[in-house]
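Working notes, beginning with the structure itself.
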Amino acid sequence: MLDMSTIFKIAVVGIVMIILEKVLNSGGKSEYAVISNLAGVIIILMLVISLISKLFNSVQTLFYF
31 MLDMSTIFKI
41 AVVGIVMIIL
51 EKVLNSGGKS
61 EYAVISNLAG
71 VIIILMLVIS
81 LISKLFNSVQ
91 TLFYF
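For the sequence shown, the working numbering begins at 31 and goes up steadily by one.
Written out as structure tokens, the structure reads:
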């Protein structure tokens, strides 16, 4: 199920995204900041999609007779 390591992974990716965006924006590289934000969102979505897949499999086995 959902353990604390997954929550920490999502939090770390979010913190790294914020720091990277601030550094890139202050350096005048806003295009790279947007690309790094998109990469971070994709990483988080991959983590969440695997969890949602496990949830649907659990619900399916619950109602499977």
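We put the CB at the ideal spot given by N, CA and C, even for glycine.
Alpha carbon of residue i to alpha carbon of residue j, nearest angstrom
i     : j     : result
Met47 : Met76 : 16 Å
Asn67 : Asn87 : 30 Å
Val53 : Ala63 : 8 Å
Ser60 : Ile49 : 13 Å
Glu51 : Met34 : 26 Å
Ser83 : Val89 : 10 Å
Ala69 : Gly44 : 11 Å
Ile65 : Phe38 : 23 Å
Asn55 : Phe93 : 50 Å
Residue closest to residue i, alpha-carbon to alpha-carbon, out of the options
i     : options                       : result
Ile40 : Gly58, Val71, Ser83 and Lys84 : Val71
Val42 : Ser80, Ile73 and Leu92        : Ile73
Thr36 : Gly57, Val78 and Leu85        : Val78
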